[in-house]
Every structure is written in structure tokens, then in C-alpha cells.
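Residue numbers (our numbering): 81 to 461.
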């Protein structure tokens with residue numbers, strides 16, 4: 081297995097842009113990543129693209145106007161983890177020696193999708209979903225359990241949102257660049273008790289892209305390539321095996337595998353970007369990623385360790401809560417943000433001296449399973 085490096089990143093602005101197609105946003109992100117890598121589109125040997133609701137043959141639609149054709153192009157879907165799945169798929173091809181350089185793209189136009197302005201409907205055979213177990217309800221139940229077992233308070237969940245919007249206000253590519261007070265978050269419309277509106281990520285349009293390369297290509301084009309030291313993608317398990325709803329076991333297993341491959345421990349990580357579709361789940365991920373001991377997630381948040389200037393800043397980009405969540409793109413965007421942190425070009429939200437970063441993304445619900453997919457990437461400079 082060969083070492084694999086990120087040599088270019090690109091991203092569109094995230095927001096509601098129904099006048100733009102997914103392919104247009106994807107081309108913007110792809111061109112930015114290719115130019116960042118110092119390459120030409122025709123240098124790419126393969127393309128992986130992720131989408132949930134976008135049109136078919138996404139890679140081909142994005143790349144045709146960039147003059148890229150006749151190479152292998154693959155389109156993947158893995159719910160919110162789709163973007164991370166595209167990156168891992170490209171990573172494996174380069175690590176195995178099938179290609180030397182390629183691009184992974186994630187894209188979604190939620191405002192023009194079939195679910196625009198609606199809840200994503202459950203499958204007809206999803207009994208839980210048909211009975212009302214929507215995503216907000218699922219995470220509200222988890223939040224209630226955190227209150228029972230971890231001593232969490234509604235103010236703790238609201239503080240996650242406050243932190244995210246403090247970061248997002250500094251990110252020019254975020255959908256929402258506005259700070260909110262704790263009381264504003266708590267007093268926003270109740271969605272599923274105790275989760276309020278400002279603790280839910282918005283549906284968003286956007287795209288992100290990364291160029292990955294072998295060591296030989298990376299040395300040729302990049303002054304500061306960022307190594308993917310660990311990469312893991314796992315699926316969930318049957319829900320009846322789940323003994324504790326305050327953990328997402330798939331996320332913990334993916335993190336453990338990525339740490340082992342990278343040869344590091346959680347204490348070595350300097351900055352994290354993770355799935356925060358609902359504010360309360362961030363606390364669960366603290367524990368699943370090993371950022372603190374089991375049961376100490378609330379304490380880690382209260383200590384300020386996950387804020388900028390703390391021991392382990394989490395979601396300095398503003399996360400899904402501020403950037404918004406274009407489903408197929410978020411798993412690529414987190415890797416872009418971690419790469420920019422390790423390159424020292426994260427601007428106002430730069431974590432000083434960051435050398436090890438972690439990008440995590442969960443995705444999907446399958447009836448009778450705890451989570452459909454979980455991906456973790458460890459990056460080092």
C-alpha cells in the first residue's frame with residue numbers, strides 16, 4: 081500500500097442557490113481543487129463523485145466541460161457519508177497503485193431536490209420511520225438520554241450551536257454567518273424536545289472537491305502535501321444489539337480503525353471536523369472519537385476544550401449547523417477544512433500549530449440498524 085496525499089482542495093459557497101445546478105457547483109469546486117494542486121484537468125486519471133439527490137452520472141456531468149473524458153469515473157451514494165466514501169474510494173485506488181492521481185467531488189442541490197422544503201420521507205418498509213421516528217426525533221431521544229445519564233442540560237446542547245455559529249460567522253463560505261446567544265438558541269422554535277430550530281442543520285446547496293495523489297506525484301506538484309494517514313469506512317449493525325443510545329458504535333469502530341492505521345491515539349489529534357446535523361450529537365461524537373472518557377462529553381464541552389483556543393477545537397469551520405448540509409458534499413468538505421487547517425490557511429479560525437486532524441462523517445438510517453455508514457479520515461502534515 082502506497083502513501084496517499086491531499087494536494088488540492090476546492091469548495092463552492094454553501095447556501096440556497098436554486099439557480100445553479102449541481103454540476104455547476106461541482107465544476108467550481110473541482111476547478112478550485114485542480115488549480116490549488118497546480119495541475120490541469122487533463123492530468124487527472126480518475127474521478128469519484130458523491131450525490132444523494134443529484135442527477136445521474138454526476139462525475140461525467142461535472143467533468144465534461146473541463147475537458148476530462150475517457151478516464152474511469154465512478155458515482156457513489158452513501159447518504160451523508162457519501163462524500164467521505166468518494167474520498168476513501170479514490171484513496172484506495174491510489175494506495176493500491178491503480179492510479180497515481182485523481183479527484184473526489186461531493187455535490188448536492190437540496191433546494192432543487194425532490195425533498196426541497198420537506199422532511200426526507202422514510203421508506204415504505206421502515207416501520208419506525210412510518211410511526212414518526214424522523215431524524216430530529218431520533219436525536220431528540222438521544223439528547224433526552226444524555227440528560228438522564230450524563231447530566232446534560234438543554235443549555236449544553238444550545239452551547240454547541242452557539243459555538244458553531246461563533247465559528248461560522250468567521251467563515252466566508254458558510255450559509256449562516258451570524259452569531260446567536262444561548263437564549264436565542266433555546267427560545268427558537270421547538271422541533272423535537274429538547275432540540276430547537278437553531279440546533280438543527282439547514283438543508284443547503286454546495287460542492288467540495290479534493291485532489292489526491294501518490295507520494296511521487298505529490299512531491300512534483302505540492303509544496304505542502306497532507307498525508308491521509310488513516311482511512312476507515314464501516315456500516316452499522318442491527319439495532320437490537322445496541323445497548324446504549326448515547327453512542328454510535330459504527331462511528332467509534334471507524335475511529336478506532338483509522339487511529340490504528342495512522343499509528344496515533346486520540347490525544348495526538350489537534351483539530352476535528354465532524355457530523356453535527358443536530359447539536360446534541362456532537363457530544364456523543366466526542367466520546368466515540370475518544371476525545372474524552374466515556375461519560376465525560378458534557379464536561380469536555382463545558383471546559384471550553386472544543387472551542388477555538390481550547391485543547392481540541394471541534395468544527396472550527398462552523399460545522400453543518402452554520403455551513404449547512406448538502407448531503408453528498410459534506411464528507412468531502414470536512415476533509416478540505418482539515419487540510420486547510422494543517423496547511424495553516426484556515427484564516428480567522430486557524431488552530432495554531434495544527435499537525436494532526438480528523439474528519440468524521442456519519443450517514444443514513446436503515447430500518448432496524450443503528451446507522452448506515454460511518455467514515456473517519458486522519459490527516460497529518
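All C-beta atoms, glycine included, are put in the ideal place defined by N, C-alpha and C.
task: Return the first residue and the last residue of the beta strand (DSSP E) that residue 285 is part of.
output: 285-294
query: Can you list the beta strand (DSSP E) stretches of 3 or more residues lying completely in the stretch 364-446, in chain order?
result: 436-443
task: State whether the stretch 209-217 contacts the stretch 268-276, with contact taken as three or more CB pairs (one from each stretch) at a distance under 8 Å.
output: yes
query: What does residue 148 pair with, by DSSP beta-bridge criteria?
result: DSSP lists no beta-bridge partner residue for residue 148.
message: Please give the ranges of any alpha helix (DSSP H) in the stretch 128-199, keeping only runs that are unbroken, at least 4 residues long and fully inside the region.
response: 138-143 and 162-175
- request: Using 10 angstroms around the beta-carbon of residue 364, count the other beta-carbons present and answer buried if the total reaches 16, otherwise exposed.
  value: buried
- request: Could you say which of 405, 424, 355 and 360 lies nearest to residue 395 if we only look at CA atoms?
  value: Of the listed residues, the one whose Cα sits closest to residue 395 is 355.
- prompt: How do the stretch 145-165 and the stretch 411-422 stand: do at least 3 beta-carbon pairs fall below 8 Å, yes or no?
  reply: yes
- request: Output the boundary residues of the beta strand (DSSP E) element that contains residue 306.
  value: 306-315
task: Starting from the Cα of residue 449, find the closest Cα among 328, 429 and 367 and give me that residue.
output: 328
query: Just to confirm, are residue 262 and residue 238 a CB contact at a threshold of 7 Å?
result: Yes, Cβ-Cβ distance for residue 262 and residue 238 is below 7 Å.
query: Just how far apart, CA to CA, sit residue 150 and residue 343?
result: 38 Å
- prompt: Where residue 463 and residue 341 are concerned, what is the direct C-alpha to C-alpha distance, given to the nearest angstrom?
  reply: Residue 463 falls outside the range modelled here, since the chain spans only 81 to 461, and no answer is possible.
- prompt: Taking the beta strand (DSSP E) that residue 112 falls in, what are its first and last residues?
  reply: Not the beta strand (DSSP E): residue 112 falls in the alpha helix (DSSP H), residues 102-116.
- prompt: Are the Cβ atoms of residue 175 and residue 82 separated by less than 7 Å?
  reply: Going by beta carbons, residue 175 and residue 82 fall inside the 7 Å limit.
field: Chain-order list of residues whose beta-carbon lies under 6 Å from that of residue 387 (same chain, five-residue window excluded)
entry: 243
- request: Less than 8 Å between the CB atoms is what I'm expecting for residue 338 and residue 456, so what's the real figure, rounded?
  value: About 4 Å separates the two Cβ atoms, so the contact holds.
- prompt: What separation, rounded to the nearest whole angstrom, lies between the Cα atoms of residue 309 and residue 335?
  reply: 12 Å
task: Ignore the nearest five residues each way along the sequence and tell me which others in residue 370's own chain have a CB closer than 7 Å to its CB.
output: Correct list, in chain order: 335 and 346.
- request: Report all residues from its chain with a CB closer than 6 Å to the CB of residue 461; omit the five preceding and five following residues, and keep chain order.
  value: Excluding residues within five positions, the ones whose Cβ falls inside 6 Å are 306, 422 and 435.
- prompt: Tell me, which residues are paired with residue 326 by DSSP?
  reply: Bridge partners of residue 326: none, in fact.
- prompt: Measuring CB to CB, does residue 331 end up less than 7 Å from residue 442?
  reply: Yes, the pair counts as a contact, with Cβ atoms nearer than the cut-off.
field: Rounded separation between residue 293 and residue 120 - CA only
entry: 14 Å
message: When you compare the CB positions of residue 416 and residue 91, do they come within less than 7 Å of one another, or not?
response: Contact: yes.
task: Look at the alpha carbon of residue 193 and the alpha carbon of residue 134, and state the distance between them as a whole number of angstroms.
output: 7 Å
message: Give me the DSSP bridge partner(s) of residue 88.
response: 291
task: For residue 455, name the three-state secondary structure that DSSP assigns.
output: Residue state, collapsed to three classes: strand.
task: Name the two residues that bound the continuous alpha helix (DSSP H) containing residue 119.
output: Where residue 119 is concerned, there is no enclosing alpha helix (DSSP H), given that its DSSP letter is neither H nor E.
- prompt: Under the rule that 16 or more other beta-carbon atoms within 10 Å means buried, what is residue 276, buried or exposed?
  reply: buried
- request: Go ahead and label residue 210 buried or exposed: buried means 16 or more other beta carbons lie within 10 angstroms of its beta carbon, across all protein chains shown.
  value: By the 10 Å Cβ count, residue 210 comes out exposed.
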